[in-house]
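Colleague:
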Amino acid sequence: MATDFAPQLQEMKAYFDSGATQSYAFRIEQLKRLNAAIVLHEREIAEALFQDLHKSEEEVWVTETGLVLNELNFAIRKLRSWMKPQRVSTNLLNFPSRSSVLAEPHGVVLIISPWNYPFQLLFSPLVGALAAGNCVVLKPSEFAPHTAAVMGRIIADVFQPQHVCYVEGEGHEVIPALMNKFTFNYVFYTGGTAVGKAIYKMAADKLTPVTLELGGKSPCVVSAHADLKVAAKRIAFAKFSNAGQMCVAPDYVLVHESVKAQFVDLFTQTITGFFGADPAQHENFGRIINA
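Mapping of the sequence shown onto our numbering: residues 213 to 503, in sequence order.
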């Protein structure tokens, strides 16, 4: 990787150390500016997500932009109370002093997002990082290029580069170039287990705290006494939302043998009811962009 991120990252560290990001006035302004920018670019975001993942407008709102805007509004309402010292009881050793807990930002943090919900899974942790007063490096997924381009324009319009830095490129090149050359104060990663392990190892070498939100298995069990019509509809909804590209999408179904044939028939009918006889032609049928 030819790019040297060290100068930019050191500039961000100096900016954080100056205390510029830590006042209530600064934090609330950044949150409000981001909120306004998302609203302004909402149509553009939806179009990009359709190009990348074939998401409908309704699905974009429910799973992407709506979630981020709700989180922003919540943070804006609660920020002042979050920043206040929280009184706690004093132990006997420190009696008769008073004790309180004051939340402080970590510093320069790295957020790495996946391709299945490329907007929401980058911007939701960004909201928390901004509210806490951090400087933030954002690494979007390269597998959703249209959405990444829109997000990059939003970040450039809203934030100073020493406060929020947006880094694109191949993850296997960019992430080591970032983490091996600089000591982040926190790393937040959402994605697959294999990459999560690699990130965990790089972070462990520098004792960097991490949050890893990884995938797993999500089986469904249908008993002999289940409401098969309801079960078929709920399982199909969960499996075909975002073309099944989410960590809680059902991987397989365990059906009691006495109702297997009936369930399969109802499940097939449900899919046809959702997307018609040729799902690939339906406007609300998503696209798998990375298997």
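Every residue gets a Cβ at the ideal spot worked out from N, C-alpha and C, and that includes glycine.
Source: prediction; values computed, not measured.
1) Identify, in the order they occur along the chain, each residue of the same chain with its Cβ nearer than 6 Å to the Cβ of Thr423, setting aside the five sequence neighbours on each side.
2) Taking a contact to mean a Cβ-Cβ separation below 8 Å, would you say Leu324 touches Ile387 in this structure?
3) Are the CB atoms of Leu279 and Leu246 nearer to each other than 8 Å?
4) Would Ser430 pass as a contact of Ala410 if the rule is Cβ separation under 8 Å?
5) Would you mind working out which of Ala436, Leu338 and Pro357 sits nearest Ile257, comparing C-alpha positions?
6) In the structure shown, what three-state DSSP assignment does Gln457 receive?
7) Buried or exposed: Thr480, going by 16 or more other Cβ atoms within 10 Å of its Cβ?
8) Leaving out five residues before and five after Val321 in sequence, what residues of the same chain have Cβ atoms less than 8 Å from its Cβ?
9) Going by C-alpha to C-alpha distance, which of Glu425, Arg310 and Phe355 sits closest to Arg299?
10) What residue range does the alpha helix (DSSP H) around Gln298 cover?
11) How would you write the range of the beta strand (DSSP E) that Val422 sits in, first residue to last?
12) In or out: Ile250 buried (at least 16 other Cβ within 10 Å) or exposed?
13) Near Met213, what residues of its chain come up, given a Cβ to Cβ distance below 8 Å and the 5 sequence neighbours on each side ignored?
14) Expressed to the nearest angstrom, what Euclidean distance is found between the alpha-carbon atoms of Val433 and Tyr236?
15) Short of 7 Å in beta carbon distance, which residues of its chain neighbour Gly427, apart from the five on each side in sequence? Order them along the chain.
16) Name the one or two DSSP bridge partners that Ile323 has.
17) In the DSSP assignment, what are the bridge partners of Ser312?
18) Would Phe394 and Leu221 qualify as a contact pair, given that the criterion is a beta-carbon distance under 8 Å?
19) Around the C-beta of Arg239, are 16 or more other C-beta atoms found within 10 angstroms, so that it is buried, or is it exposed?
20) What's the gap between the Cα of Gln374 and the Cα of Ser230?
21) Using only alpha-carbon positions, find the residue among Lys296, Trp327, Asp439 and Asp369 that is nearest to Leu261.
22) Along the alpha helix (DSSP H) that carries Leu419, what are the first and last residues, could you check?
23) For a quick check, are the C-beta atoms of Val362 and His253 less than 8 Å apart?
24) Buried or exposed for Pro337, going by 16 or more other Cβ atoms inside 10 Å?
25) Would Ala444 pass as a contact of Phe475 if the rule is Cβ separation under 8 Å?
26) Taking the alpha helix (DSSP H) that Tyr227 belongs to, which residues open and close that run?
27) Please return the same chain residues whose Cβ sits closer than 8 Å to the Cβ of Lys244, not counting the five positions on each side in sequence.
28) Which residues in the same chain have their Cβ closer than 8 Å to the Cβ of Gly488, if we skip the five residues on either side of it in sequence?
29) Measuring CA to CA, which of Lys225, Trp273 and Pro421 is closest to Phe331?
30) In the DSSP assignment, what are the bridge partners of Leu466?
Modeller: The short version:
1) Along the sequence shown, read from residue 1 onward, the residue named residue 423 stands at position 211. Result list for Thr423: Phe400, in chain order.
2) Counting from 1 along the sequence shown, the entry for residue 324 is found at position 112. Counting from 1 along the sequence shown, the entry for residue 387 is found at position 175. At residue 324 the sequence reads Ile, which differs from the Leu that was named. In this structure, Ile387 lies closer than 8 Å to Ile324 by Cβ.
3) Locating residue 279 in the sequence shown gives position 67, counting from the first residue. Locating residue 246 in the sequence shown gives position 34, counting from the first residue. No, Cβ-Cβ distance for Leu279 and Leu246 is not below 8 Å.
4) Here residue 430 is taken as the residue at index 218 of the sequence shown, counted from 1. Here residue 410 is taken as the residue at index 198 of the sequence shown, counted from 1. Not closer than 8 Å, so no.
5) Residue mapping note: residue 257 aligns to position 45 of the sequence shown, counting from 1. Of the candidates Ala436, Leu338 and Pro357, the one whose C-alpha sits nearest the C-alpha of Ile257 is Pro357.
6) Taking the first residue of the sequence shown as 1, we reach residue 457 at position 245. Looking at Gln457 - three-state DSSP - the assignment turns out to be coil, as it is neither helix nor strand.
7) Looking up residue 480 in the sequence shown gives position 268. Thr480 should be labelled exposed.
8) To locate residue 321, count along the sequence shown from 1; it is residue 109. Cβ within range, chain order: Ala341, Asn346, Cys347, Val348, Val349, Phe396, Asn397, Tyr398, Val399 and Phe400.
9) Within the sequence shown, numbered from 1, the residue matching residue 299 stands at position 87. Of the listed residues, the one whose Cα sits closest to Arg299 is Arg310.
10) Your numbering for residue 298 matches position 86 in the sequence shown. Here Gln298 belongs to no alpha helix (DSSP H); instead the beta strand (DSSP E) covers Gln298 to Val300.
11) In the sequence shown, the residue the question calls residue 422 occupies position 210. From DSSP, the beta strand (DSSP E) with Val422 extends over Val422 to Leu426.
12) Against the sequence shown, residue 250 aligns to sequence position 38. Buried is the call here.
13) In the sequence shown, the residue the question calls residue 213 occupies position 1. In this prediction, Met213 scores a pLDDT of 41, lower than 50, which makes its location untrustworthy; no coordinate-derived value is stated.
14) Here residue 433 is taken as the residue at index 221 of the sequence shown, counted from 1. Here residue 236 is taken as the residue at index 24 of the sequence shown, counted from 1. Approximately 49 Å between the Cα atoms of the pair.
15) Within the sequence shown, numbered from 1, the residue matching residue 427 stands at position 215. Cβ neighbours of Gly427 beyond the five flanking positions: Gly404, Thr405 and Cys459.
16) On the sequence shown, residue 323 is found 111 positions in, with the first residue counted as 1. For Ile323, which the question treats as bridged, DSSP gives the partners Leu350 and Phe400.
17) Counting from 1 along the sequence shown, the entry for residue 312 is found at position 100. According to DSSP, which records beta bridges pairwise, Ser312 is partnered with Arg299.
18) Residue 394 sits at position 182 when you count from the first residue of the sequence shown. Residue 221 sits at position 9 when you count from the first residue of the sequence shown. Yes, they are a contact pair.
19) In the sequence shown, the residue the question calls residue 239 occupies position 27. Its Cβ being crowded by 16 or more others within 10 Å, Arg239 is buried.
20) Within the sequence shown, residue 374 is the residue found at index 162, counting from 1. Within the sequence shown, residue 230 is the residue found at index 18, counting from 1. When rounded, the distance between both Cα atoms is 11 Å.
21) Taking the first residue of the sequence shown as 1, we reach residue 261 at position 49. It is Trp327.
22) Walking along the sequence shown from the start, residue 419 turns up at place 207. Run containing Leu419: none; DSSP gives neither H nor E here.
23) Working through the sequence shown from its first residue, we reach residue 362 at position 150. Working through the sequence shown from its first residue, we reach residue 253 at position 41. Their beta carbons are under 8 Å apart, which means Val362 touches His253 by this criterion.
24) By one-based count along the sequence shown, residue 337 stands at place 125. By the neighbour-count rule (16 or more Cβ atoms within 10 Å), Pro337 is buried.
25) Your numbering for residue 444 matches position 232 in the sequence shown. Your numbering for residue 475 matches position 263 in the sequence shown. In contact: Ala444 and Phe475 (Cβ atoms closer than 8 Å).
26) Position 15 of the sequence shown holds residue 227. Here the alpha helix (DSSP H) through Tyr227 covers Ala218 to Asp229.
27) What you label residue 244 is simply residue 32 of the sequence shown in a count that begins at 1. Counting only Cβ-Cβ distances below 8 Å, and skipping sequence neighbours, we find Ile288.
28) Within the sequence shown, residue 488 is the residue found at index 276, counting from 1. These residues qualify, in order along the chain: His494.
29) In the sequence shown, the residue the question calls residue 331 occupies position 119. Comparing Cα positions, the closest option is Trp273.
30) Within the sequence shown, residue 466 is the residue found at index 254, counting from 1. Leu466 pairs with Val433.
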